[in-house]
Each structure stands twice: as C-alpha cells, then as structure tokens.
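Following this note's numbering, the residues of the sequence shown are numbered contiguously, the last one being 864.
Beta carbons: idealized from backbone N, C-alpha and C, even for Gly.
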Amino acid sequence: MGENDQSGTVVSKLFTSGSILFVGLACDYGLLFGNKILMARTLSNEGYGAIAFGYSFFAIVSTLSLLGLNSGIARYLPRYESETQQKDIFISAVQIVMPVAVLTGLGIFIFANQIAVAVFDRPAAAGVIGIFALAIPFEVLLKISMSVFQGTKNYTFKAIVDNIGLSLIRVFFVVCALWLGYTEYGASVAYLLSYILTALAGVYLLYSKTNFTRWDRYTPRRKELFLFSFPLMLSSVITIVLSNMDTMLIGYYIGLETVGTYNVVYSLTFLLTVVLTAFRFIVVPELSEHHSNGDITKMRSTYKKITLWIMLVTFPPFFVLIASPELAISLTFGGKYASGSAALVVLSFGFFIHAILGPNAATLTSLGNTKTILFDNVVAVAINLVLNVLLIPRYGMLGAAVATTVSYICLNIAYAVQLYSKIALLPISTAYSRTYLTLLGSGVILLVSREILPIPAVLALFTLVYALTVGKLVPLSELVTIIRDQRSNLN
C-alpha cells in the first residue's frame with residue numbers, strides 16, 4: 374500500500390497493539406449475536422421485542438448517567454505521564470458519576486410501572502424496564518473502569534472483561550434462564566447478573582493493577598473533568614438516542630412484536646460497524662498524542678489508511694446482506710422475522726457508509742472539538758426524530774430504517790466536512806480510489822446479475838473479484854508482518 378510508508382507503520386502498530394482488542398471484539402460481537410439469535414428463536418416475537426425495548430431504554434439512561442466521563446478519562450489520561458495525576462482524574466470521575474448512576478437506577482426501578490404506562494404506553498415492558506434499571510450503576514462502573522485501560526492503552530483488560538467476559542457471562546445466564554423455562558423476565562435478570570459480575574471484575578483489576586483505588590493524597594479535578602466531559606455526555610446521549618430512537622418509537626407507535634423484528638434487522642446490520650468500533654477505541658489515544666505533538670500529517674495519513682482497512686473488511690458482509698436479505702435473516706434469527714428484509718437492505722447502506730468514512734467522531738474528539746460533535750449530533754437526532762415520527766406510522770419498520778440511514782449519512786457528512794476544514798483531512802485517499810471503484814462497481818454488476826444467476830453463483834463470483842482486488846492492493850509481505858506482529862503480541 375504505497376501512499377505513505379510511515380502511515381503503514383503506524384497502522385501496523387495499531388493492529389499490533391490492538392490485536393487482543395480485535396479478538397475481544399470478535400468474541401463480544403459473536404457472543405452478543407449468538408445470544409440474540411437464541412432469544413429471538415426461543416421467545417415469542419413480543420417477548421423478544423420486550424427485551425429489545427428494555428435494553429434500548431437501559432442504553433440511553435446508562436449513557437446519560439455516565440455524564441461523558443468515560444470519554445473524558447480516555448482523552449485526559451494520555452496527556453499525563455504521572456500516575457498520581459492520572460489517579461486524580463479517575464477518582465474525580467467516580468465521585469461525580471457513581472451517585473448519579475445509583476440514584477437514577479433506583480428511581481427508575483421504583484417507578485418502572487409508571488414509566489412503562491405513562492411514557493411509552495407499554496405496560497407489558499414494566500418488569501423488564503425495572504430489572505434493567507438495577508443494572509445501570511454496574512454498567513456505569515464497568516465503563517468508567519474500562520476507560521482507564523483505554524486511556525493507558527492497556528487493551529488486554531478491556532477485551533477480557535468488557536468484551537469477552539461480559540458476553541460469556543451473559544450468554545451463560547441467558548441459556549440457564551431459557552432452559553429453566555423463564556421468559557423475557559429471566560433473560561433480563563441474566564443481563565443484570567452479567568453486569569454485576571463484570572463490574573466487580575473491572576474494580577478488581579483497577580485495585581490489583583493500578584493505584585487508582587487508593588484515595589489518599591489526591592488532587593480533585595472534578596470541575597476540569599466535568600467541563601470537558603459535559604459536551605461529550607450530551608453528544609454520547611444523543612448518539613445513543615440516535616441508535617435507539619427508532620426502536621423506542623416503533624414500540625410506541627406499533628408494538629413490541631414489530632420491535633422484535635426490527636431489532637433482528639438492526640443486529641445484523643450493526644455487525645458492519647465491528648471494525649470501525651475496534652479502530653475507534655484504539656485510535657483516540659493515538660491521534661490525541663499526535664495532535665498534542667503537532668504532527669497533523671501523521672494524523673491524516675493514519676486516518677486514510679485506517680479507513681481503507683475498514684472498507685476492505687466491511688465490504689464482504691455488506692454485500693452478503695444486500696444480495697440476499699431474506700436468506701440472511703432466515704439462516705440466523707429464523708423465517709418468522711423475514712418481513713424485515715427491506716429494512717435490512719436500507720439499514721445496511723446506512724451503516725456501511727457510516728463505517729467506511731472512518732472514526733471521524735473519535736478524531737474530532739482527539740482534536741478537542743467536543744462542542745462541534747455535540748452540535749452535529751443534535752442536528753442528526755432532530756432529523757431522525759422528525760423522519761421517524763413522519764415515516765413510522767405510515768411505513769412501519771421500513772420508515773424507521775430510512776430515518777436512521779438518512780440521519781447517519783447526514784451526521785457523517787458533517788463530521789467529514791469539519792475534519793477537512795480543521796486539518797484538511799479527506800477520509801478516502803485518492804491513491805486508493807481505483808480500489809474503491811473496483812469493489813463498488815463489481816458489487817453493483819453482481820447485484821444486477823441476481824436476475825439471471827442463483828445466489829450461490831453471485832456470492833462465488835464476488836469472492837473471486839474481492840480476493841483479486843485485495844491481493845493486488847495489499848502486498849503479501851505487509852499481511853505477513855501484521856499477522857506475525859499480532860501473533861507475537863497475543864503470545
């Protein structure tokens with residue numbers, strides 16, 4: 374890959390330092406996906422919809438309770454070499470966020486029935502909402518502890534606890550609950566237990582691997598940290614609302630059964646973001662360090678190389694989803710959810726574009742432009758809300774998919790424009806334009822050929838074209854170097 378040898382070295386470094394994180398994320402997404410398949414196939418459509426609805430509410434509230442301090446910790450820690458100063462940041466964050474999380478969780482648990490009836494008009498979801506509410510303090514504690522390891526570039530503990538551990542424990546308890554005959558309430562308790570155990574594991578690692586849990590002789594930095602993190606909190610809440618608003622509004626306008634089908638579709642398309650998520654976690658401390666050193670050129674070259682890798686890894690599953698959506702749903706979650714195939718195609722386009730434009734929000738964060746991110750997200754959520762309200766009552770889950778796709782495209786365009794205006798960064802390098810055009814052009818031709826060729830033949834031809842394109846682009850020596858470095862790091 375010849376645009377910039379230095380950028381290739383940097384990306385190889387990112388792959389190496391993050392290899393355990395990639396493994397962790399693969400396990401996390403795989404187990405989470407398998408867990409959803411198990412619940413979707415075992416529970417009724419409405420029961421699975423209740424779980425999806427309750428989890429969406431939990432995700433929004435727990436993100437709000439974090440107050441953006443997990444992102445604040447991840448950005449601040451790399452800027453301090455002294456462990457004492459890093460401890461000051463962590464302790465200040467805990468003092469702010471944990472009382473908020475505990476009070477929020479208890480309040481929702483006590484008033485779960487009123488919230489389910491008065492706010493969502495879904496009394497059947499009250500029990501699930503109440504159980505998820507108890508998990509809020511533990512989710513917050515887990516995220517805060519994991520942000521310490523992100524900020525110190527120790528990705529191993531994050532992968533073991535937050536990715537692999539949480540998912541394994543959750544699957545184990547869900548399997549036990551369903552095997553014993555419990556329905557959505559048993560599955561909700563399984564989620565609660567998994568958050569309790571992994572939060573305790575995170576605290577144990579902090580206690581044993583750092584001195585952050587020793588609260589003697591520290592300098593409070595609450596005001597400094599909160600002022601930086603508050604825009605990130607609003608931005609994070611708006612982002613999670615953007616991800617879950619369609620689910621909540623489908624539940625409000627239509628019903629929990631349709632929520633279940635839409636969650637199946639959303640789960641499949643969300644797999645397209647796994648590589649982006651891995652790079653986003655790794656790249657914030659790296660880019661923040663480049664920015665503090667004034668090395669904007671390295672920021673740009675690294676970003677473009679990362680974006681290319683995301684495109685190369687994400688394009689095959691994207692093609693499979695849009696080439697045969699009914700088959701993808703039926704083989705995974707079951708034929709009873711096949712009515713979501715049209716929504717699957719629409720959402721796949723939205724998440725694919727979101728992924729291939731790269732870790733733009735994370736890069737803006739590393740530049741310190743938290744207010745810019747907040748403004749962009751507010752506009753995106755406003756667009757999403759208006760489109761959902763207009764389209765869901767008339768078009769159902771397809772309308773929700775269109776609303777989400779349009780919102781994500783607008784948001785990523787805004788991020789890209791602002792990155793260009795600040796550091797002249799284009800997400801896609803002109804040096805690799807032929808690669809992008811080859812893959813996209815061949816994809817379009819093969820999609821059209823579905824009219825005359827069976828799906829297996831289309832997928833086989835795509836595999837051949839993809840292998841030839843990537844083989845020409847990526848030197849074998851570079852792949853060998855990355856694999857060797859990853860194996861050494863894992864050992």
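Asked	Found
According to the neighbour-count rule (16 or more other Cβ atoms, all chains shown, within 10 Å of its Cβ), is Leu600 buried or exposed?	exposed
Assuming Thr756 contacts Val779 (C-beta within less than 8 Å), just tell me the rounded distance between them.	It is Ile, not Thr, that sits at residue 756 in the sequence shown. Yes, they are in contact, since the Cβ atoms of Ile756 and Val779 sit about 7 Å apart, within 8 Å.
Taking the beta carbon of Gly554 as the centre, do at least 16 other beta carbons fall within 10 Å, making it buried, or is it exposed?	exposed
Can you tell me which of Arg767, Ala506, Val475 and Ser561 puts its alpha carbon nearest to the alpha carbon of Ile623?	Arg767
Using 10 angstroms around the beta-carbon of Ile502, count the other beta-carbons present and answer buried if the total reaches 16, otherwise exposed.	buried
Looking only at its chain, what residues have a beta carbon closer than 7 Å to the beta carbon of Leu834, apart from the 5 residues adjacent to it on each side?	Leu819
If contacts are defined as beta-carbon pairs under 8 Å, then Ile446 and Ile517 qualify, I think. What distance do you get, rounded to the angstrom?	7 Å
Please identify the residue among Ala797, Ile611 and Ile786 whose C-alpha is closest to the C-alpha of Val751.	Ile611
Grab me the residues of Ala720's own chain with a C-beta within less than 7 Å of its C-beta, minus the 5 sequence neighbours each way, in chain order.	Correcting the residue identity first, residue 720 is Leu in this sequence and not Ala. Excluding sequence neighbours, Leu720 sits near Val638, Tyr639, Thr642, Ala774, Thr777 and Thr778.
Between Ile504, Tyr558, Gly575 and Arg807, which has its C-alpha nearest Gly538's C-alpha?	Gly575
Excluding the 5 residues preceding and the 5 following Ser712 in the sequence, name in chain order all residues of the same chain whose CB lies nearer than 7 Å to its CB.	Thr634
Only counting the same chain, and skipping five residues up and downstream in sequence, which positions put a Cβ closer than 7 Å to that of Leu841?	none
Report yes or no: do three or more beta-carbon pairs, one from the segment 419-433 and one from the segment 457-466, lie closer than 8 Å?	no
Does the segment 720-739 come close enough to the segment 789-796 to have 3 or more Cβ pairs within less than 8 Å?	yes
Take Thr687 and list the residues in its own chain whose beta-carbon comes closer than 7 Å to its own, dropping the five residues that flank it on each side.	Leu645, Val648, Phe725, Ala728 and Ile729
Determine, using beta carbons only, whether Leu944 and Met606 come nearer to each other than 8 Å.	Look at the range of the chain in this structure, 374 to 864, and you will see that residue 944 is not part of it.
For Tyr421, tell me which candidate among Ser602, Phe546, Ala560 and Ile469 has the shortest Cα-Cα distance.	Ala560
Tell me the residue span of the alpha helix (DSSP H) that contains Asn761.	Thr743 to Tyr768
Can we say the segment 409-416 touches the segment 478-485, given the rule of at least three CB pairs closer than 8 Å?	no
Classify Gly731 as helix, strand or coil using the three-state DSSP reduction.	coil
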